[in-house]
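So the protein sequences, as listed, match chains A and B.
Its first residue numbered -4, the first sequence is counted upward by one per residue in our numbering.
Its first residue numbered 898, the second sequence is counted upward by one per residue in our numbering.
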Amino acid sequence: DGGITQSPKYLFRKEGQNVTLSCEQNLNHDAMYWYRQDPGQGLRLIYYSQIVNDFQKGDIAEGYSVSREKKESFPLTVTSAQKNPTAFYLCASTPVGEETQYFGPGTRLLVL
Amino acid sequence: AQSVTQPDIHITVSEGASLELRCNYSYGATPYLFWYVQSPGQGLQLLLKYFSGDTLVQGIKGFEAEFKRSQSSFNLRKPSVHWSDAAEYFCAVGRIEDNSGGSNYKLTFGKGTLLTVNP
């Protein structure tokens, strides 16, 4: 089956710890995106990548980092510098030449 | 700057009743417009999109939306709501941003409308 997978579904972070959220797609999409969702706030763009080995900051990049070493993978690291990391994180991707974003199932990050 | 407003935070309708969810956008050029639906704890599913052409667009699950340029609106409608339609609905506008690295395409989302369906 083609699609976007995110793992884990739930993730717990201790104070001062970095954690990495996985996003994988087998749709051969070029562009990939990371969003943060908080209740009543809609989705806010963290980082995006149009091609391998290149990515740009979104609206709320502080405290986050990403890499794009492979077309299929776009992992997001929530660093200890992110003081309020509890949220629902969504990954999306877009085929080349299209404007529609397709979303993964999300990862909920909780702070212990 | 572009923005999307969904004026209704929460709407409750009875099953079988008609539904209209409002969306207003602010964008200087011709927008790409989308409606997504999200069930609790899930990702977003695309309902429909408008890029150009016929201003009334049909989507999945019996939804439709109408683009009205004069009102900067893209309202979502369904003639008869089913209990399974209970979810959160997001309107989004797509835009192209030019920077030193080239053109980048982004979506701006509204804050969502939560739909409750009474039996």
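Don't be surprised by glycine CBs; every beta carbon is placed ideally from N, CA and C.
In this text, all values refer to a predicted model and were calculated from it rather than measured experimentally.
For residue i, the residue or residues it bridges with in DSSP
i         : result
B/Trp932  : B/Leu945 and B/Cys988
B/Ile993  : B/Tyr1002
A/Tyr84   : A/Arg31 and A/Thr102
B/Thr1013 : B/Thr909
A/Arg8    : A/Val106
B/Asn972  : B/Glu963
B/Cys920  : According to DSSP, which records beta bridges pairwise, B/Cys920 is partnered with nothing at all.
A/Lys52   : A/Tyr42
Contacts around residue i, its chain only, beta-carbon distance under 6 Å, and the 5 residues preceding and following it disregarded
i        : result
B/Ser900 : Ser923
A/Pro100 : Gln1
A/Leu107 : Phe7 and Lys9
Buried versus exposed call for residue i [16 or more other C-beta atoms within 10 Å across all chains shown]
i        : result
A/Ala26  : buried
B/Ile993 : exposed
Option in the options with minimal Cα separation from residue i
i         : options                                     : result
B/Ala926  : B/Arg919, B/Leu953, B/Ala989 and B/Arg966   : B/Arg966
B/Thr1013 : B/Trp980, B/Gly991 and B/Thr952             : B/Trp980
A/Ile46   : A/Leu6, A/Pro100, A/Leu107 and A/Gly92      : A/Gly92
B/Gly956  : B/Gly991, B/Phe931, B/Leu1004 and B/Lys1008 : B/Phe931
A/Ser17   : A/Glu67, A/Thr81, A/Ala56 and A/Asn48       : A/Glu67
C-alpha distance - residue i paired with residue j, whole-angstrom precision
i         : j        : result
A/Pro70   : A/Val61  : 6 Å
A/Lys4    : A/Asp54  : 24 Å
B/Asn1001 : A/Lys52  : 11 Å
A/Thr89   : A/Gln36  : 23 Å
B/Arg974  : B/Glu912 : 14 Å
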